[in-house]
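Sequential numbering from 0 applies to the sequence shown in numbering that gives the first Met the number 0. By construction, the Cβ of each residue, glycine as well, lies at the ideal position given by its N, Cα and C atoms.
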Amino acid sequence: MSDEPFSFIISLFVCLLIELSLLNKYVTLQQSVCMSPEADLRTLAATCLSF
């Protein structure tokens with residue numbers, strides 16, 4: 000039970016890395032296609048929470 004919070008922190012960190020890489024792709028995508036950043040961030044958060 001003591002390592003459960005630790006694995007939770009690791010999964011959060013991994014999730015953050017995934018979001019950063021997706022956000023990086025989104026920023027380059029946004030330069031060519033205009034989209035709502037709030038909606039995209041909500042999609043990223045939902046995708047992250049679904050893992």
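Quick check: what's the CA-CA separation for residue i versus residue j?
i, j, result
"P4", "S10", "10 Å"
"S6", "L21", "22 Å"
"L48", "R41", "10 Å"
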